[in-house]
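Report on the following structure.
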Amino acid sequence: MSRTDKNNSLDISWILNVQWAEILRHFGVRYTKRSTGTLVALCYFHVEKTPSMHFWDKSGRFHCFGCAKEGNKLTYVGHVISRKRELLF
Ligand SMILES: [Zn+2]
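Note that this note's numbering numbers the sequence shown so that position 38 is 464, with each residue one more than the last.
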């Protein structure tokens with residue numbers, strides 16, 4: 427399965443079918459995996475030193491215990507891409 431379509435934008439079916447780890451790796455987000463299987467990373471939406479963003483493969487959702495941002499894989503990827511665009515322009 428390819429990550430990008432002809433327009434070089436991320437393929438929605440790729441986003442929905444891969445695990446969180448692959449999405450985080452794609453965007454260069456460092457994460458740790460808890461023994462429960464939950465992935466934990468620094469929040470993308472606020473500055474922090476202790477990771478409070480949690481990702482669950484079972485539900486496909488994320489939640490930040492620092493700023494209460496939450497959603498699914500599509501909303502996460504959408505946020506990250508628009509954030510990257512803000513940084514570029
Ligand atoms: Zn946060």
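Idealized CB from N, CA, C, for every residue including glycine.
- DSSP links Cys490 through a beta bridge to Met479.
- Proximity of the beta carbon of Phe488 to ligand 1 is not indicated: no heavy atom of the ligand is located closer than 7 angstroms.
- At least one heavy atom of ligand 1 lies less than 7 angstroms from the C-beta of Ser478.
- Secondary structure within the segment 442-479: the alpha helix (DSSP H) runs of 4 or more consecutive residues, fully enclosed, are 446-452 (chain order).
- Here the C-alpha atom of Val444 lies approximately 11 angstroms from the C-alpha atom of Asp437.
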